[in-house]
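By the count of this note's numbering, the sequence shown reaches residue 453 at its end, each step adding exactly one.
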Amino acid sequence: MSKRDYYEILGIAKNATDAEIKAAYRKLAIQHHPDKNPDDHTAEDKFKEAAEAYSVLSDSNKRASYDRFGHAGANGQGFGGFDPQGFSNIEDIFDLFGFGDMFGGNRARGGRSAAQRGADLRYDLEIGLEEAATGKEEKLRIPRLEKCEECDGKGAEKGTEPETCITCSGSGQTRYQQGFFSVMRTCPNCAGKGQIIKTPCKKCRGAGRIEKEKTLEIKIPAGVETGSRLRVNGEGEAGVSGGPTGDLYVVIHVAEHEIFERQGANLYSAVPVTFAQAALGAEIKVRTLDGEEDLKIPAGTQTGTVFRLKSQGMPALGGRGKGDLFVAVTLITPKTLTKEQRKLLEQLAEIEDTEFQDESFMDKVRNIFG
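In C-alpha cells form, the structure reads like this:
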C-alpha cells in the first residue's frame, strides 16, 4: 500500500509554518492517542502515521528532501526514514510542545514527593452593623485536621518509617508499554504516594492527621461588609506527609439593621415629623451609629426631603475616612385627634380652602391622579 502524503496526513498546506505543523500534530496526537482510545487499532495506526509525518516535516533538512523527492527522499537521503524509537516514550512527544501532564496524573522523573499542601478552610461569620462599623475581636472554634503528634505526621507507628514502594520505586507512577510508545499511570500499589506504610500509627491509623477543634481569636477590621474575606495564614488543615498547612478564610456577613440601610460607606434612614414640624420648621433628634445627632428641619419641608449628615456613615475599610448618613423626612398623619386638635385643624382647613385653589396647585392634583 502506498503511503499517504505527509502534508495530507497533518491536514496542512505545503507552505505551512513550523508553528502550524506543530499545532496540527498536537491536535491529531490528542485525538488518536491510544490511552484515550483503548483497544482501537485504527486510532493507534493514525497516531503512528501522524508521528511519522511530524518527525519528517518538523526537521528542516528532512522536510526539504521530502519536498524534493517525496517518500523516496524521506527513506533514502541520509536519515533512514521514520524511527519509532525516536518516539518510544509518549512523554518525549508531548514535551516537544511543553504539554506537561496531558492525560492526567503527575509525571515523576527521578521520583516524586508524597507531601501535599493542606486544604484551605472557610468560616462564615455574621456580625451586626455596629460591629462592622467599629471592628471587633472574635473567637472562632475551628474543626480541622491537624498533624498527628504521635507519628509527627508520617502515618507510621513510632519507631518505624514509611517504606519506598517497590512497584514504582518511589515515583508514584508506573510505565505501561503500548506498541512503540509508553504511558505513565498512577501506581496501583501505593496510590501515587510513592511510599507504603506497613505499620500504621494507632492514633491516626496511618493518615498522619487527626481531627481536632482549635479556638482562634481574630480581629475584624472596621468597615467590613457582606462578602469581605479575611485570610488567616497557616490556620487551615495540616498538610499530608509534611506538606505545608492551608489557610483559613473568614467570610463576613453583616446582618440587616432595623433602621439603617447600607450602600457602600453611606447609610440611609427615615425620620418621621409632624405636619406642624414640617410646616413651621423644627430641630429634631435623629439616630446615628454613634448615638443621636441634631437635625434642623426648615419651615415648609416636604415629605421625602433628604438631609445629609456628613461623616455619620460607615468607616472605609482601611481607615480612609467615613461615609455620610442620608435621612429622609416622612410626614406622619395622626390616626386619632383630641377635640382641640380637631378644632384647630378645621380652622386651618378653612384657611387652606381658599389658599389651595390656585391653578398651579390644581395642576399638581391633576398630574397625581392622571
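Beta carbons are placed, not taken as given, at the ideal position from N, Cα and C, and that holds for glycine.
Q430 sits in a helix when the DSSP states are folded into three classes.
Secondary structure note for S352: its beta strand (DSSP E) is the uninterrupted segment 349 to 356. Rounded to the nearest angstrom, the Cβ distance from A290 to T217 is 43 angstroms, too far for a contact under 8 angstroms.
Counting along the chain, the unbroken alpha helix (DSSP H) around I92 starts and ends at 89 to 93. Burial check for K129: the Cβ neighbour count within 10 Å reaches 16 or more, so the residue is buried. Straight across, the Cα-Cα distance linking C248 with E232 is about 24 angstroms. Between A107 and G94, the alpha-carbon positions lie close to 7 angstroms from each other. Short of 6 angstroms from the beta carbon of V410, and not among the five residues preceding or following it, lie these beta carbons of its own chain, in chain order: S352, V354, V369, F390. Separation of the CB atoms of G322 and R200 is rounded to 5 angstroms, and the pair is thereby assigned contact status at 8 angstroms.
It is roughly 13 angstroms from the alpha-carbon of L228 to the alpha-carbon of S324. Closest in alpha carbon position to A133, among K105, V315, A202, N120, is K105. Here I225 is bridged, per DSSP, to K297.
Residues of the same chain with a CB within less than 8 angstroms of the CB of A399, apart from the 5 flanking positions on each side, are G306, A348, K405, G406 in chain order. Contact between the region 277 to 289 and the region 234 to 254 is present, with at least three C-beta pairs closer than 8 angstroms. For T125, the enclosing alpha helix (DSSP H) begins and ends at 124 to 140. In the assembly as shown, Y90 is a buried residue. Its beta-carbon has 16 or more other beta-carbons within 10 Å. By alpha-carbon distance to E375, the top candidate from I342, A155, A215, R292 is I342. For the region 327 to 410, the continuous beta strand (DSSP E) assignments of 3+ residues that do not extend past its boundaries occur at 331 to 337, 344 to 346, 349 to 356, 365 to 371, 374 to 380, 389 to 392, in sequence order. A distance below 8 angstroms between beta-carbons, with the five flanking residues on each side excluded, links Q278 to the following residues of its chain, in chain order: A197, P245, E246, T247, C248, G253, S324. Secondary structure at D207: strand, using DSSP grouped into helix, strand and coil. Rounded to the nearest whole angstrom, the CA to CA distance from R425 to P417 is 11 angstroms. By alpha-carbon distance to E300, the top candidate from A359, K219, G211 is K219. Taking G275 as the centre and dropping the five residues before and after it, the same chain places the C-beta of G255, T269 closer than 6 angstroms to its C-beta, in chain order.
Pairing T328 with G317, the inter-Cα distance amounts to about 5 angstroms.
Scanning E344, D88, T298 for the CA closest to the CA of E221 turns up T298.
Secondary structure at L420: coil, using DSSP grouped into helix, strand and coil. Taking C-beta separations shorter than 6 angstroms and ignoring five residues to either side along the sequence, the partners of L111 in its chain run A133, following chain order.
With a contact defined as Cβ atoms closer than 8 angstroms, I210 and V337 qualify at about 6 angstroms. For a cut-off of 8 angstroms, the C-beta gap from D330 to D203 is around 5 angstroms, short enough to register as a contact. Taking a 10 Å sphere around the C-beta of P271, we find fewer than 16 other C-beta atoms and assign the residue as exposed. The straight-line gap separating the alpha-carbon atoms of S311 and V334 is approximately 6 angstroms.
Per DSSP, reduced to three states, the secondary structure at R288 is coil, with no helix or strand assignment. Across the set H124, R87, D122, E135, the C-alpha of E135 shows the shortest separation from the C-alpha of R109.
For the 7 angstroms CB-CB criterion, Q395 and T357 do not form a contact.
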